[in-house]
Structures are given as structure tokens and as C-alpha cells.
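Quick note: the sequence shown, position 108, residue 114 per the working numbering, numbers continuous.
See structure below.
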Amino acid sequence: MSDTQAPAPQDQAIARPAREHVPTLAFQTTVLRSQKLSESFRRLTVGGTDLNDFGTNSHPLDMRIKLLLPSASGFVANDAISSLRPDALTSPADQQGWYQRWLAIDPSERGYMRTYTVRAFREAGHPANQGTEPELDIDFVLHGEVVDGLLRGGPATEYGDRAQAGDQLLLLGPNKALCDASYGGIEFRPGEATRIVLAGDETAVPAICSILESLPEHLSGHALIEVPEASDILEVSTNSEVSVQWLPRCGAEHGSLLREAVSLVVPIPGNGQDAAAEEPEDINVDENILWETGQAQSAPFYAWIAGEAGFVKELRRYLVRDAGIDRKQVAFMGYWRHGKQEN
Ligand SMILES: Cc1cc2nc3c(=O)[nH]c(=O)nc-3n(C[C@H](O)[C@H](O)[C@H](O)COP(=O)(O)OP(=O)(O)OC[C@H]3O[C@@H](n4cnc5c(N)ncnc54)[C@H](O)[C@@H]3O)c2cc1C
């Protein structure tokens with residue numbers, strides 16, 4: 007599991023299948039289905055035998071994965087990534103610095119890496135998986151502009167929009183043999199909280215919907231979800247007492263509906279004088295990633311906030327400074343930034 011011991015120095019150079027010692031593997035998948043969910047969302051279902059090695063042996067919650075997308079020249083495979091395939095023979099020493107080696111490759115050859123959420127993962131034999139191999143759903147927000155009938159957005163958006171059954175998709179994710187529920191790519195950690203708030207924009211919809219499906223009956227609270235249009239309200243189920251409120255933006259400023267909705271469900275205590283008034287240190291979201299995830303285990307309240315970094319930063323200030331919530335009880339995650347490519 008995740009606390010596997012580091013290999014002894016003499017074993018560092020011995021090549022073995024990656025699945026035996028590499029915690030994050032590269033999974034070659036094939037697009038099985040592409041489904042329009044709404045005006046702004048398209049779901050790709052991918053599958054393949056590589057996914058037999060995928061997962062954390064637990065509910066994925068808000069598990070993130072990395073998609074490796076081809077550049078205009080269509081090239082994506084390279085040694086740094088190929089050595090992460092489950093069957094690849096590689097040594098622990100070979101693996102050191104693989105990401106830096108990948109980054110050093112000319113972008114026109116290496117393609118793009120983008121972060122997405124596992125909306126659902128179904129092993130072979132799962133009642134909803136009709137195939138013989140594991141399959142995984144990824145929900146893409148289609149952002150950008152339509153030019154001459156074609157959506158022009160970032161590489162991931164364009165891939166999500168155009169991919170068809172049979173297309174290949176390489177992704178990075180947890181190695182089932184070495185990862186468990188403590189996996190670092192899962193951030194939803196409510197501990198013993200009995201009341202939660204989930205708040206996010208459209209990019210957080212896959213994570214919030216997946217989390218809602220996992221929640222036990224005794225949990226209460228609010229899921230607040232801002233989406234571009236009313237037609238983007240999706241079906242979601244939960245056994246918990248958490249109420250779900252969709253907030254169609256319909257042209258309003260990004261994040262403005264969430265700011266208001268969060269302030270209603272987490273009000274400023276009393277006349278505002280009682281709040282702890284801790285001013286969180288400023289983060290320049292145009293230069294740095296806003297990513298703060300809580301550690302509190304026994305607090306009765308927990309909040310999870312994700313989406314465009316500008317409004318996540320505002321909500322951070324509101325919750326920590328104005329409402330006096332201990333930041334250890336909140337995960338703040340800037341999933342993307344207006345005007346900035348992921349990398
Ligand atoms: C942990 C995590 C999980 C995520 N899960 C998902 C997911 O499941 N589904 C999903 O759709 N996204 C998800 N995202 C967000 C996604 O990674 C970004 O939106 C990413 O920038 C999209 O890549 P791209 O190639 O389309 O655009 P990029 O090349 O990165 O950006 C190109 C331009 O588009 C703008 N842009 C990027 N995203 C958006 C957007 N949503 N709306 C408007 N403009 C945008 C950028 O500011 C930039 O100007 C997640 C991000 C993180 C960190």
C-alpha cells in the first residue's frame with residue numbers, strides 16, 4: 007500500500023515491471039463512448055486492459071488524474087511516459103526525475119498534460135460495466151469559442167469535444183497494487199465532520215457529483231454548484247442529507263452566485279465581531295497555484311471549495327477571515343485560472 011518501503015540501495019538499479027514498484031502509472035486507454043451530457047459537458051468513457059492496474063481499492067471521491075494529450079503534430083508517446091506503463095520494465099533509479107525529463111521535451115513533441123477528475127470507475131464485472139475491461143468516465147467542460155463550426159479552447163477541451171470511439175488516450179493515475187484510500191490525489195478528507203459544504207464551479211461538477219454519491223446517510227450540509235447555463239444541471243444522487251443547489255450563471259460574473267450562496271449557508275457569526283478574523287496570507291493566483299487542503303480530523307464541520315482560482319481565493323478570505331472557520335477544516339483548490347493555460 008502507500009507506505010511501501012523504499013527499495014534497498016542494491017535494488018535501485020534492478021528493472022522490474024512498473025506495476026511492482028511505481029505508485030503512479032501511465033495507462034493506455036481507448037475511447038469507448040462519447041456522450042453529450044448538456045450544453046457545457048461532454049463525457050468520455052475510456053477503457054482498456056491497462057486499467058486492471060488502476061485505482062486505490064476505494065471510492066475515487068475527487069480523485070485527480072493527468073491526461074496526456076497530443077500536440078498538433080499528434081505525438082505523445084515518449085520514453086519518460088512509456089516507462090510508466092504497468093508492464094514496462096524499469097528500475098526505481100530509471101524513474102527518478104521522469105517528470106523533469108518529460109518537461110524538458112519540446113512541447114511540440116511531448117504534447118500537453120492536463121488535470122481531470124475520475125467521474126466514475128467501473129471494474130470489469132461491475133453491474134454497470136457491460137464490457138470485459140475496466141472503464142472510467144471523464145466529464146469535460148467545453149470552454150472556448152466556436153470558430154467556423156469548431157470549438158477552439160485548450161487542448162483538453164478540444165480533445166474532449168472531438169474524441170470518438172476508438173481514439174487513444176494516455177492517462178496517469180494510481181497504481182492499484184501500491185495505493186489505497188490515503189492516496190495523495192484524493193483531497194476530500196472530512197474526517198469526523200457531520201456537516202459539510204461542497205462548493206464549486208463547472209470544473210468541480212465531476213468531483214462534487216462523485217463525492218455526493220459516496221456520502222453516508224448521517225452527513226448533512228450543502229452542495230453548491232455553479233454552472234454556465236440552466237441546461238447544465240445534471241442528475242446526481244446521494245444517500246446523505248446534503249442538499250444540492252445548482253446555480254446557473256446565465257451570464258453573471260464567474261463565482262458571484264457561489265459567493266452569495268456560501269455566505270448564506272456559512273454566515274458570519276453574530277454581528278461579525280465574534281469571528282476569529284485571521285487574515286489568510288495573500289496568494290497571487292496569476293503566479294501561484296492556490297491549493298490548501300485541511301488536516302483537521304475531529305472537527306464537526308468541513309468545507310471543500312474548488313474551481314476558478316479567483317473566486318476560490320475570495321471564498322478563502324470570506325470563510326477564514328469573516329466567518330472565522332479554521333482553515334484546517336477547509337480544502338481550497340484553484341482548479342484553473344482565467345487567462346492561464348494549465349502548464
Ligand atoms: C484536481 C483538478 C481536477 C479537475 N477536474 C476537471 C474535470 O473533471 N473536468 C473539467 O472540465 N476540468 C477539470 N479541471 C480543470 C481543468 O484542468 C482546466 O480547466 C484545464 O485548464 C483545461 O485544460 P484545457 O487544455 O482545456 O485549457 P488550457 O490550455 O489549460 O487553458 C486555455 C485557456 O482556457 C482557459 N480555461 C481553462 N479552463 C477553463 C474553463 N473551464 N472555463 C473557461 N476557460 C477555461 C484558461 O484560462 C486559458 O486561458 C480540473 C482541475 C484540477 C486541478
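Glycine residues also receive a C-beta, built at the ideal position from the N, C-alpha and C atoms.
### Message
DSSP three-state label for D9, please.
### Response
Low per-residue confidence applies at D9: pLDDT is 44, beneath 50, and the placement is therefore not dependable, though the value from the model is reported in the following sentence. In the structure shown, D9 sits in coil (DSSP, three-state: anything other than H, G, I, E or B).
### Task
Could you have a look at F317 and say whether DSSP puts it in helix, strand or coil?
helix
#### Entry: Proximity to R128 [Cα-Cα], best of A24, F47, T51
T51
#### Entry: Identity of the residue in L270, F194, P161 nearest K346 by Cα
P161
#### Entry: Rounded C-alpha distance that separates G159 from R48
14 Å
### Task
Report buried or exposed for G340, applying the criterion of at least 16 other Cβ atoms within 10 angstroms of its Cβ.
buried
### Task
For I289, verify whether its CB is less than 8 Å away from any heavy atom of ligand 1.
no
### Query
Under a three-way DSSP split, which group does N290 fall into?
coil
### Query
Would you report the Cα separation of D9 and L67, rounded to the nearest angstrom?
Confidence at D9 is low in this model, with a pLDDT of 44, below 50, so the placement of that residue is unreliable and no value is reported for it.
### Task
Would you mind stating whether T244 and H224 have Cβ atoms separated by less than 9 Å?
no
### Query
Quick one: Cα of S188 to Cα of V153, how far?
44 Å
### Message
Please state the DSSP three-state secondary structure of K182.
### Response
coil
### Beta-carbon contacts of Q34 that lie in its chain and below 7 Å, excluding the five residues immediately before and after
G54, D56, R91, Q174, L176
### Query
Among V242, A94, S97, D85, which has the Cα closest to the Cα of R107?
D85
### Task
Buried or exposed for C256, please, with buried defined as at least 16 other CB atoms from any protein chain shown within 10 angstroms of its CB.
exposed
### Query
Cα separation between F338 and V248?
20 Å
### Query
Should H149 be listed as close to ligand 1, given that the test is whether its C-beta is under 8 Å from any heavy atom?
yes
### Message
Residues in the same chain with beta-carbon distance under 8 Å from L296, minus the five sequence neighbours each way, listed in chain order, please.
### Response
I289, A315, V318, K319, R322, F338, M339, G340
### Message
Applying the 10 Å Cβ sphere with the 16-neighbour rule, what's the burial state of D207?
### Response
buried
### CA-to-CA distance, G155 to P76, given in whole angstroms
22 Å
### Task
Return yes when the Cβ of T123 is within less than 9 Å of the Cβ of R70, no when it is not.
yes
### beta-carbon K346 near ligand 1 non-hydrogen atom, thresh 8 Å
yes
### Query
What is the DSSP secondary structure of E1, reduced to helix, strand or coil?
Any answer about residue 1 is impossible in this case: the structure gives the chain only from 7 up to 349.
### Query
How close, in whole Å, do the beta carbons of G3 and V203 come, if the pair is a contact with beta carbons under 8 Å?
Not covered by the structure: residue 3. The range shown for the chain is 7 to 349.
### Query
Is the Cβ-Cβ distance between L74 and M119 less than 9 Å?
yes
### Message
So, for A309: in the same chain, excluding its five sequence neighbours on each side, which residues have a beta-carbon less than 6 Å away from its beta-carbon?
### Response
V203, V336
### Cut-off 6 Å between Cβ atoms - residues of its own chain near S44, not counting five sequence neighbours on either side
S237, D238
### Query
What does D112 pair with, by DSSP beta-bridge criteria?
Looking at the DSSP assignment, D112 forms no beta bridge with any residue, so it has no partner.
### Message
Is L75 close to ligand 1? I mean its beta-carbon at under 8 Å from any heavy atom of the ligand.
### Response
yes
### Query
Got a sec? Which residues, its chain only, sit under 7 Å from S46 by beta carbon, not counting five neighbours each side?
V147, L148, E208, V233, P234, E235, D238
### Message
Taking 8 Å as the cut-off, is the beta-carbon of G179 closer than that to any non-hydrogen atom of ligand 1?
### Response
no
### Task
Leaving out five residues on either side along the sequence, give the residues of the same chain with a beta carbon under 8 Å from the beta carbon of F194.
L67, D68, A213, I217, W310, A337
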